[in-house]
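**Q**
What follows is the structure, encoded as structure tokens:
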């Protein structure tokens, strides 16, 4: 299948996202790999979404410096959102406490948690949320931790937001996650999810203690040698972000 890069942001943490249509009904096994110098943790999610004529609209991503010690943060799209569309939010934070993400926005849309994990002992908490049938217009998305065990529970964070058209009202078909810890010089994380032909596969990966190097995504199964294209981002240390626009 063909993966299209959608977002990339980096600072102390980093986040990348891609999407693409499922070419056939199958369980998709996807790897995301980065080569660098040093050690880092990596987490990933893969989600299949149901809908009719799904299209990517726009996206944005951001990442914090190290040790910001906040209880939440906000994000905005490059342009106003369209009424009736859907929003997908991918999140990562370093947090040593058993808190949970809560996502709201200034349009009053209701966000549903797809998954949220904090692997034992790592503090690398990651999650994905969605909302459908949105109000539309200028929109500020707020991410906070609930309940805040201690003030400033979020040590550092990375997040990506995406707007899509064509989602079903209950769009999640399946999802899978993966994580690896303290990997030297190269990290590969694997996630898998079932999808029906034509559904949208949405993938993201986040790193803690970001290092320079390209991030690649590859479909391991099912094999599609004619259509397989890896989506590659070239990263560098020092802050900054990219987003997407209307396709």
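Residue numbers (the working numbering): 1052 to 1298. Every residue gets a Cβ at the ideal spot worked out from N, C-alpha and C, and that includes glycine.
Would you report the Cα separation of residue 1243 and residue 1268, rounded to the nearest angstrom?
**A** When rounded, the distance between both Cα atoms is 13 Å.
**Q** Give the straight-line distance between the Cα atoms of residue 1108 and residue 1259, rounded to the nearest whole angstrom.
**A** The alpha-carbon atoms of residue 1108 and residue 1259 are separated by roughly 28 Å.
**Q** Please list the terminal residues of the continuous beta strand (DSSP E) segment that includes residue 1248.
**A** Element bounds for residue 1248: n/a, residue is neither H nor E.
**Q** Check for me: the beta strand (DSSP E) holding residue 1177 runs from which residue to which?
**A** It spans 1175-1182 - the beta strand (DSSP E) in which residue 1177 sits, taken as one unbroken run.
**Q** Are three or more beta carbon pairs between the region 1181-1196 and the region 1125-1138 nearer than 8 Å?
**A** Touching, yes.
**Q** In the structure shown, what three-state DSSP assignment does residue 1260 receive?
**A** Note: residue 1260 maps to coil in three-state DSSP.
**Q** Please report the residue range of the beta strand (DSSP E) in which residue 1089 lies.
**A** Unbroken beta strand (DSSP E) run through residue 1089: 1077-1114.
**Q** According to DSSP, is residue 1142 part of a helix, a strand, or is it coil?
**A** If DSSP states are grouped into helix, strand and coil, residue 1142 belongs with the strands.
**Q** By how many angstroms is the C-alpha of residue 1214 removed from the C-alpha of residue 1119?
**A** For residue 1119 and residue 1214, the distance between alpha carbons rounds to 27 Å.
**Q** I need the DSSP call for residue 1135, collapsed to helix, strand or coil.
**A** Note: residue 1135 maps to coil in three-state DSSP.
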